[in-house]
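Asks: Going down the list, the protein sequences come from chains F and A. Positions in the first sequence are counted from 1; adding 996 to them yields the working numbering. Positions in the second sequence are counted from 1; adding 11 to them yields the working numbering. The C-beta atom is built at its ideal place from N, Cα and C for all residues, glycine as well. The structure presented is a predicted model; accordingly, all values stated were derived computationally and were not measured. Shown below is the structure under consideration.
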Amino acid sequence: MSNPLRDRAVIVGVGHSPCSRDLGKSPMRLTLETVLEALDDAGLKPSEVDGVAAMGGAPEPGPWAMAESLGGDGIHWYGGALGGGVGPSVVANAALAVASGLCHTAVAYRTMMAPRPGDSTYNFMAREGPTGVAAFTAPYGLGVFMQYFASWYQRKRRVFGVTDEQMGAYVVAMRDNASRNPHAALNKPITMDEYLASRFVCEPLRRFDCDLPVDVCGAVVVTTPERAKNLKKKPVFVGGVSTGTGPRPDMIFWDDYDRSSAHWANEIIWNNAGLGPKDMDFGMIYDGFAPLTLYNLEEYGFVPRGEAGRYFGDGGHLATGSFPLNPHGGNNSEGRSHAIGHVCEAVLQLRGEAGARQLKKADATFINGGAITLAGALVLHN
Amino acid sequence: MERLLPVIDDLNRYYWEAAKARRLDMLRCQDCRMWIHPPRESCAKCQSFELKAETLSGRGKVYSWSVMRTQGNPGFEEKLPYAVVVVELEEQKGLITVGNIDCPIEDIDIGLPVRVTFEKINDQVTLPQWTVAGGKDGQ
């Protein structure tokens, strides 16, 4: 059955700050400036916005703070992410709101700030007096988020034979892509030898497998196809969105490490969009830890199960490869943005505005967000 | 720093009392017999609230593992690098627990048979831990 919301929302504006360890701006200023950049790109006035999507956990300003800043007379809709897919899923939620008539013009954004000295971050979960699930993990020295994912990655490597060189081929390509991205934080090319010499932070995860925490904001403007006709830029259609999770929503106590939450988001996305993995010209695949791409590529049907390592080894992910990935360098090399950077790059590529990174064929793409227990998917096309 | 110790509450007390007595106990649904860990109020499969602690064999296999090489866990500053093993218990597919293991890191692999041991930390807390099964005591 065709989804009635298919192609009923379009992205008409995009704003994207540089990624840097310290942009010298407050989260509110960074976010508002980026939202205004997206509105200017669309040719819309701030007061024309009647919907806001943002997760709004500190330090990111939430929808109320944004609504208060845009000078309009109230808004018709606000919300967070659709399920757990962070950046892409904030955009997905805005698209659903527009497509279903809850609002006509929404801004969606994600702001991240690099931790300053003394800040606690969500990566360090071990706290005095662990309760709940943490009571069963913290006493064993299992309290840093990367340890959770390292346990998944270790199994993936052993079961499917993923090699250091295959993962290295991905990271080396992302640094190279990032060298053509003026917003990227890690924009110096590296060699395979440098990747292999990168120290283990939590084996088998290397430092170069992990994205860099940065100050960044990405924002998009979503409206109806009818309204888009009068705007500056060619609209990018939101073909479909999805989310999902498994029956054991804790990464360590999850009952099957060979099936991430993307499994459930995949069950919905292609029917919603009326397109399949083979219709996508390139992939914007979440890579907060580089090996997350293995799960995402396999669960969403871009490569057969267990074949993602070989696909990297064969160079399938390169701009010249069978299915180019993340031409902006991914979160791995652009900077940690919870994949809102993936959304911004997807829009630029589909509009043919990606400059030195522009892919030859870019009319349809798939974006995902979320790490293992969280999933969000988005199909965009011209 | 000292390692972080569990806050013992009404939901998890059975587990830590059993560990003090050198038993590995977990909740089990009295209606559909599904094992549940970490503890929750209701059965994840049949919605029954009739969950009671039962004793496991203490045997399983290494499902995965990681080797921590970075600071961030209180009490482990001097222990780097150290392994945390993910163990799938023999009673039920997908029944997962975690712990440390007393073998060299190089000996850890998926499928390695392990059995539970107990590390007394203080009068309140004994931690279930893991050792390679089939070791020199023949178990």
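In whole angstroms, what separates the C-alpha of Gly-1052 of chain F from that of Gly-1081 of chain F?
Replies: The straight-line gap from Cα to Cα measures roughly 14 Å.
Asks: Identify whether Pro-124 of chain A lies in helix, strand or coil by the three-state DSSP scheme.
Replies: Residue state, collapsed to three classes: strand.
Asks: Counting contacts by CB-CB distance shorter than 8 Å, is Tyr-1291 of chain F in contact with chain A?
Replies: No, its Cβ sits nowhere closer than 8 Å to a Cβ of chain A.
Asks: Going by alpha carbons, who is nearest to Asn-999 of chain F out of F:Val-1008, F:Phe-1156, F:Asn-1268?
Replies: For Asn-999 of chain F, the nearest C-alpha among the options comes from F:Asn-1268.
Asks: Can Gln-1143 of chain F and Met-79 of chain A be called in contact, C-beta distance under 8 Å?
Replies: Yes, these two residues count as a Cβ contact at 8 Å.
Asks: Please go through the same chain and pick out, in chain order, the residues whose beta-carbon is closer than 7 Å to the beta-carbon of Leu-1019 of chain F, but skip the five residues on each side of it.
Replies: Taken in chain order, the residues that qualify are Ser-1013, Leu-1026, Asp-1211.
Asks: Whose C-beta lies closer than 6 Å to the C-beta of Tyr-1074 of chain F among residues of the same chain, with five residues either side of it excluded?
Replies: Cβ neighbours of Tyr-1074 of chain F beyond the five flanking positions: Val-1048, Pro-1059.
Asks: Return no unless some Cβ of chain F is closer than 8 Å to the Cβ of Glu-28 of chain A.
Replies: Not closer than 8 Å to any Cβ of chain F, the Cβ of Glu-28 of chain A fails to qualify, so no.
Asks: Identify the contact partners of Thr-1159 of chain F in chain A, using a Cβ-Cβ distance below 7 Å as the criterion.
Replies: None at all; the shortest Cβ gap to chain A is about 16 Å.
Asks: Looking at the C-beta of Arg-1151 of chain F, does it have a partner C-beta in chain A at a distance below 8 Å?
Replies: Yes, Arg-1151 of chain F lies at the interface with chain A (some Cβ there is under 8 Å from its Cβ).
Asks: Mark Lys-1152 of chain F as exposed unless 16 or more other C-beta atoms lie within 10 angstroms of its C-beta, in which case mark it buried.
Replies: Classification for Lys-1152 of chain F: buried.
Asks: Report the partner residues of Met-1280 of chain F according to the DSSP bridge assignment.
Replies: Note: Met-1280 of chain F sits in a beta bridge opposite F:Ile-1363.
Asks: Which residues of the region 1198 to 1209 of chain F have a Cβ closer than 7 Å to any Cβ of chain A? Give them in chain order.
Replies: Going along the region 1198 to 1209 of chain F in chain order, one finds Cys-1198, Glu-1199 with a Cβ nearer than 7 Å to chain A.
Asks: Going along chain A in order, which residues have a C-beta closer than 8 Å to the C-beta of Gln-1143 of chain F?
Replies: Within chain A, the residues near Gln-1143 of chain F are Ser-77, Met-79, Val-95.
Asks: Please list, in chain order, all residues of the same chain as Phe-1196 of chain F whose beta carbon is under 7 Å from its beta carbon, the five residues on each side excluded.
Replies: Here the set comprises Arg-1202.
Asks: Based on the DSSP secondary-structure assignment, which residues constitute the bridge partners of His-1382 of chain F?
Replies: Outside the modelled stretch of chain F, which goes from 997 to 1378, sits residue 1382 of chain F, for which no answer is possible.
Asks: Less than 8 Å between the C-beta atoms of Asp-36 of chain A and Ala-29 of chain A, yes or no?
Replies: Taking 8 Å as the Cβ cut-off, Asp-36 of chain A and Ala-29 of chain A qualify as a contacting pair.
Asks: Between the Cα of Leu-1293 of chain F and the Cα atoms of F:Asn-1262, F:Leu-1271, F:Gly-1270, which residue gives the shortest distance?
Replies: Nearest C-alpha to Leu-1293 of chain F: F:Asn-1262.
Asks: Contact between the region 1356 to 1366 of chain F and the region 1273 to 1289 of chain F: three or more CB pairs below 8 Å?
Replies: Touching, yes.
Asks: Determine the chain B residues that contact Phe-1120 of chain F at a beta-carbon separation under 8 Å, and present them in chain order.
Replies: Of the protein chains in the structure, F and A, none is chain B.
Asks: Are there 16 or more other CB atoms within 10 angstroms of the CB of Gln-135 of chain A, so buried, or fewer, so exposed?
Replies: Label assigned to Gln-135 of chain A: exposed.
Asks: Where does Glu-88 of chain A fall in DSSP's three states?
Replies: Coil, per DSSP.
Asks: Taking only three categories from DSSP, how would you classify Asp-36 of chain A?
Replies: Strand at Asp-36 of chain A.
Asks: What would DSSP say about Lys-31 of chain A, mapped onto helix, strand or coil?
Replies: Lys-31 of chain A: helix per DSSP, three-state reduction.
Asks: Measure from the C-beta of Val-1129 of chain F to each C-beta in chain A and report whether the shortest distance is under 8 Å.
Replies: Yes, Val-1129 of chain F counts as interfacial toward chain A.
Asks: Just verifying my parser: in three-state terms, what is the DSSP assignment at Tyr-1307 of chain F?
Replies: Tyr-1307 of chain F falls in the helix class under three-state DSSP.
Asks: Going by beta-carbon coordinates alone, are Ala-144 of chain A and Pro-124 of chain A separated by less than 8 Å?
Replies: Contact flag set, yes.
Asks: What do you get for Ser-1333 of chain F, buried or exposed, if any count of 16 or more other CB atoms within 10 angstroms of its CB means buried?
Replies: So Ser-1333 of chain F ends up on the buried side.
Asks: Helix, strand or coil, according to DSSP, for Ser-1147 of chain F in the structure here?
Replies: If DSSP states are grouped into helix, strand and coil, Ser-1147 of chain F belongs with the helices.
Asks: Is the CB of Tyr-1191 of chain F under 8 Å away from at least one CB in chain A?
Replies: Output row for Tyr-1191 of chain F: interface = no.
Asks: Would you mind listing the alpha helix (DSSP H) stretches within the region 1125 to 1202 of chain F that are 4+ residues and don't spill past its ends, in chain order?
Replies: Segments of the alpha helix (DSSP H) lying fully in the region 1125 to 1202 of chain F: 1141 to 1156, 1160 to 1174, 1188 to 1193.
Asks: Would Val-1217 of chain F and Ala-1034 of chain F qualify as a contact pair, given that the criterion is a beta-carbon distance under 8 Å?
Replies: Yes, Cβ-Cβ distance for Val-1217 of chain F and Ala-1034 of chain F is below 8 Å.
Asks: Please report the distance separating the alpha-carbon of Gly-1086 of chain F from that of Ala-1077 of chain F.
Replies: The question names Gly, yet the displayed sequence has Val at residue 1086 of chain F. Approximately 4 Å between the Cα atoms of the pair.
Asks: Counting Cβ pairs, one atom from each stretch, are 3 or more of them under 8 Å apart for the region 1241 to 1259 of chain F and the region 1108 to 1119 of chain F?
Replies: Because the criterion of three Cβ pairs below 8 Å is not met, the region 1241 to 1259 of chain F and the region 1108 to 1119 of chain F do not touch.
Asks: What does Val-105 of chain A reach in chain F if we use C-beta pairs closer than 7 Å?
Replies: Note on residue identity: the sequence assigns Gly, not Val, to residue 105 of chain A. Near Gly-105 of chain A (Cβ distances below 7 Å), the residues of chain F are Asp-1251, Asp-1252.
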